[in-house]
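Residue numbers (the numbering used here): 1179 to 1834.
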């Protein structure tokens, strides 16, 4: 077979490993091909664009895969101009094929205008080789191109449809059927985690981070069912869609066989496909968003305060939120992994962030355990906010009667089997009991009296290991801000004191203050001041001593989601992450403040439960004031019409 040269451009770089594998397979068949391949990120200045165009003009074939129109290829306009110029001079020009990825109308228009053989069988076959991808299709495409160039008829397979969905596990060489996989890997006694990810990543062996998630789930003692798929129905590719995937791999007889679904995919399932609107609701398990930034490198994420780029916020957080995803942390970033020696293209792969994967998996498993555990055994912490930290401000929440709401909640929980020892006749009764315990108001009680009232405390044997487990930079910062452990805020005789009361398996508590009462206005939203030692230890006590299965923050809003750290995509050195840890967080929040609710959702990993704004009524007097007002009117009337009633009315007014 005679040699030929191919210039190849990829807008998104995903297929480069398969392109390289196709070259190796073609050469094993006796073919000779020279590939000059580049991705968009390599054509970042005029000199590189010029070099690419010059290389393309010397090749026999040029293939451009566009994703985002002509602008996705920085060399597009210079290349087309050079090709037309060479053609006008009567020079040899390469065979040009433009492949539009997905439903890219601009790329399709460019293909129709500039591709050789557009609309012909040749164009259709080349498109399908590229559409289905994989090493075997590239290998056969090279044979097809050889026949096209040299007018020969060497045997090659037509474009092959590769699996569009299937089970993936690093221990299995192929894609087993679900029944075979469950027989070998499924334990009915264990929690089961579902994972789904892009078929193109499986096809091009971009699965290091998926392997890491699978291994972490299994290390934690859970089953895992991991499925690659294409998400949306596509008849041309034989893809049956997300509904088929859920029903085939994650459900049996109409019921889920998984307890939680981890989603490392970008964009929204339901915004792009309204027919999927109730799909995840039918599945009925927590939907965990594992953030995989597309535009943010590891260094940019690790070193920056923003966390992930604005575009990544849209792709990997905001759009999945429309599907009901619970936002967690970045689990992998796209990193350059060197130049492919076969093609010359820069390869880009997702590389796992192991510590963040551990965090995400632990949180996902804790959400899953809530499905398995009996209500009678569940332990829940209910957290009231208070700003400033005075007793008269306990339970402050925008548009919500928080004490009455929690009273109703406790009554409902008891009816549904939770262990609640005491039911309250009113919100005031609940507030009264809480005020009889230790609170965060330091103005009226001595440390000794606060310690006597505290139902939750921690000694050095507990809080010292908690502190030592923090990252070194965090320990140093907290010590600089608040002195050596344990500090002096809510500490008595070496023991940390935590506010709240125990009621069966419910711990009703108050969020710790951000600092000393005198400076609370200045530090509540401080972007740099660390929380006191007692703040982080309070949440750690909730998880490790009280052993809460979940925590509920009542109403807008507390200080947790405003602690210092990255804006989004938190690291292990961000204070909200250190505080909430891996506790499932349920957060009733007023519906008319989505901006601050979003802050809570993204920085405390909570499940927002919206509540309506209070009903409107006339601005008027009520209760005792209304009674006094009526008596005063009666008094005025009596002065004119029946003065004999005045002494009686005067007495009633004083009594009221």
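By construction, the Cβ of each residue, glycine as well, lies at the ideal position given by its N, Cα and C atoms.
Going by other Cβ atoms of all chains shown within 10 Å of its Cβ, with 16 needed for buried, is residue i buried or exposed?
i            : result
residue 1290 : exposed
residue 1462 : exposed
residue 1493 : buried
residue 1497 : buried
residue 1835 : Since the displayed the chain opens at 1179 and closes at 1834, residue 1835 lies outside it and no answer follows.
residue 1332 : exposed
residue 1329 : exposed
residue 1705 : exposed
residue 1779 : buried
residue 1315 : buried
residue 1370 : buried
residue 1394 : buried
residue 1739 : buried
residue 1551 : exposed
residue 1298 : exposed
residue 1796 : exposed
residue 1488 : exposed
residue 1691 : buried
residue 1367 : exposed
Note the first and the last residue of the continuous beta strand (DSSP E) segment covering residue i.
i            : result
residue 1730 : 1728–1732
residue 1215 : 1211–1217
residue 1372 : 1370–1376
residue 1240 : 1239–1244
residue 1441 : 1438–1441
residue 1759 : Careful: residue 1759 lies outside any beta strand (DSSP E) and carries neither H nor E.
residue 1186 : 1182–1188
residue 1836 : Since the first residue of the chain shown is 1179 and the last is 1834, residue 1836 is not available in this structure.
residue 1230 : Taken as a continuous stretch (DSSP letters only), residue 1230 belongs to no beta strand (DSSP E), being part of the alpha helix (DSSP H) at 1224–1236.
residue 1676 : 1673–1676
residue 1554 : Element bounds for residue 1554: n/a, residue is neither H nor E.
residue 1687 : 1684–1688
residue 1769 : No beta strand (DSSP E) holds residue 1769; DSSP gives it neither H nor E.
residue 1278 : 1273–1278
Which residue marks the beginning of the alpha helix (DSSP H) containing residue i, and which one marks its end?
i            : result
residue 1489 : 1488–1491
residue 1660 : 1650–1660
residue 1541 : 1532–1550
residue 1362 : 1356–1363
residue 1776 : 1772–1781
residue 1504 : Counting along the chain, residue 1504 falls outside any alpha helix (DSSP H), though it belongs to the beta strand (DSSP E) covering 1504–1508.
residue 1423 : 1420–1423
residue 1789 : Unbroken run through residue 1789 is the beta strand (DSSP E), 1784–1789; no alpha helix (DSSP H).
residue 1254 : 1254–1266
residue 1831 : 1824–1833
residue 1305 : 1299–1310
Alpha carbon to alpha carbon, how far is residue i from residue j?
i            : j            : result
residue 1570 : residue 1473 : 47 Å
residue 1594 : residue 1588 : 10 Å
residue 1784 : residue 1762 : 7 Å
residue 1507 : residue 1682 : 33 Å
residue 1680 : residue 1372 : 36 Å
residue 1444 : residue 1495 : 8 Å
residue 1625 : residue 1689 : 19 Å
residue 1525 : residue 1220 : 10 Å
residue 1798 : residue 1575 : 22 Å
residue 1755 : residue 1346 : 31 Å
residue 1320 : residue 1201 : 8 Å
residue 1447 : residue 1676 : 43 Å
residue 1605 : residue 1668 : 27 Å
residue 1718 : residue 1586 : 27 Å
residue 1544 : residue 1468 : 15 Å
residue 1344 : residue 1268 : 51 Å
residue 1425 : residue 1405 : 12 Å
Quick test of your reading: residue i and residue j, contact by CB under 8 Å. State the CB separation rounded to the nearest angstrom.
i            : j            : result
residue 1548 : residue 1789 : Wrong, their Cβ atoms sit about 21 Å apart, outside the cutoff.
residue 1554 : residue 1724 : Residue 1554 to residue 1724, Cβ: 16 Å. No contact.
residue 1312 : residue 1381 : 5 Å
residue 1417 : residue 1342 : 4 Å
residue 1383 : residue 1195 : 5 Å
residue 1208 : residue 1252 : Actually they do not touch by this definition, with Cβ atoms about 36 Å apart.
residue 1197 : residue 1204 : Their Cβ separation, rounded to whole angstroms, is 11 Å, which puts residue 1197 and residue 1204 out of contact at 8 Å.
residue 1465 : residue 1457 : About 10 Å; that fails the 8 Å criterion.
Three or more C-beta pairs below 8 Å linking the region 1530–1546 and the region 1641–1656: Using a C-beta cut-off of 8 Å, the region 1530–1546 makes no contact with the region 1641–1656, since fewer than three inter-stretch Cβ pairs fall below that distance.
Any 3 or more C-beta pairs closer than 8 Å across the region 1799–1813 and the region 1762–1769: no
At least three beta-carbon pairs within less than 8 Å, the region 1442–1455 to the region 1404–1420: yes
At least three beta-carbon pairs within less than 8 Å, the region 1660–1669 to the region 1535–1542: no
Inter-stretch contact at 8 Å, needing at least 3 Cβ pairs: the region 1222–1241 / the region 1416–1431: no
Segment contact, 8 Å Cβ cut-off, at least three pairs: the region 1561–1568 with the region 1613–1620: yes
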